[in-house]
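> Take a look at the following structure, please.
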Amino acid sequence: MFEIAPSILSSNFTRLAEEIEIVKQGGANILHVDVMDGRFVPNITIGLPIVKSLRKATDMTIDCHLMIEEPSRYATKFVEAGADMVSVHVEADVHLQRTLVAIRDAGGQSGIAINPATPLVSLEEALPYADFILLMSVNPGFGGQSFIPTSLDKLRRLRQMISERRLNTKIEIDGGIDIDNIAKVVESGAEIVVSGSSIFGKDNPTQAVKDMIDAASVWV
Ligand code: DX5
Ligand code: ZN
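Under our numbering, the first residue of the sequence shown carries the number 172, and numbering increases by one thereafter.
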């Protein structure tokens, strides 16, 4: 089984409620929300007030990807604002285990996000405290970048690492996923697939979600 998580980063923010409905009709149940602070990544996007509004507007699972420095200062605030899933970057948090436990204690699913150049070994100690791993297949900061090909092998190794430890940590993949490579990432072990520009960048995002689900369904 896999799920598709449209990233609202590529949506039209002036009509967010409609955009959400459009992708939901295509079969998406998770909404990926990219939070950027202009420090951990070069870009600045959205924060807590938008998540609060989204919570009121939809029953979809809200998945907040925190691309921010010192994520421990904000992680539980995102759960309180209505996020169901919150991921923090392993590169940004020196007290990662504590942050993951805090997210769980607040009632959220805890996630560790990991950049393309960061080795999987950095996940090892905190893995039992994570409900999911967000494997970045582009360097975070912008939508519409190309999938980094070595991410596939990294994904397979992560799948193996989780299986060997008999954990049921989910794997989410994020960056450069389109209709041509979605089957490969699902085959390689991704259970949640984030996609921004390949959905909201299309004329018919409802159909784009359906097409991506169809393209990946070969493997499930
Ligand atoms: C990148 C973000 C992604 C982005 C994905 O920093 O974390 O979630 O929105 O967009 P696409 O699918 O266009 O690569
Ligand atoms: Zn993201």
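Ideal Cβ placement from N, Cα and C applies to all residues, glycine included.
(1) Note the first and the last residue of the continuous beta strand (DSSP E) segment covering Asp-234.
(2) Taking the beta carbon of Ala-288 as the centre, do at least 16 other beta carbons fall within 10 Å, making it buried, or is it exposed?
(3) Is any heavy atom in the ligand DX5 found nearer than 7 Å to the beta carbon of Phe-313?
(4) May I ask you to verify whether the segment 206-222 touches the segment 188-196, counting CB pairs closer than 8 Å and requiring at least 3?
(5) So what does Lys-381 bridge to, in DSSP terms?
(6) Would you mind reading off the limits of the beta strand (DSSP E) that contains Lys-341?
(7) Could you give the C-beta distance for Val-357 and Ala-387, rounded to a whole number, given that I count them as a contact under 8 Å?
(8) Tell me, please, whether the segment 274-293 touches the segment 347-354 by the rule of three or more beta-carbon pairs shorter than 8 Å.
(9) Grouping DSSP H, G and I as helix and E and B as strand, with all else coil, what is Ile-215?
(10) Can Ala-254 and Ile-239 be called in contact, C-beta distance under 8 Å?
So, to answer that:
(1) Counting from 1 along the sequence shown, the entry for residue 234 is found at position 63. Asp-234 -> beta strand (DSSP E) spans 232-238.
(2) Along the sequence shown, read from residue 1 onward, the residue named residue 288 stands at position 117. With fewer than 16 Cβ atoms within 10 Å of its Cβ, Ala-288 is classed as exposed.
(3) For this step, residue 313 is matched to residue 142 along the sequence shown. Yes, the Cβ of Phe-313 comes within 7 Å of a heavy atom of the ligand DX5.
(4) Counting Cβ pairs under 8 Å, fewer than three are found: no touch.
(5) Against the sequence shown, residue 381 aligns to sequence position 210. DSSP lists no partner for Lys-381.
(6) Residue mapping note: residue 341 aligns to position 170 of the sequence shown, counting from 1. Looking at the DSSP string, the run of the beta strand (DSSP E) that includes Lys-341 is 341-345.
(7) The count along the sequence shown starts at 1 and reaches residue 357 at position 186. The count along the sequence shown starts at 1 and reaches residue 387 at position 216. For a cut-off of 8 Å, the C-beta gap from Val-357 to Ala-387 is around 4 Å, short enough to register as a contact.
(8) no
(9) Stepping through the sequence shown from its first residue, residue 215 is reached at position 44. Here Ile-215 sits in strand by DSSP.
(10) Taking the sequence shown and counting its residues from 1, one reaches residue 254 at position 83. Taking the sequence shown and counting its residues from 1, one reaches residue 239 at position 68. No, the Cβ-Cβ distance between Ala-254 and Ile-239 is not below 8 Å.
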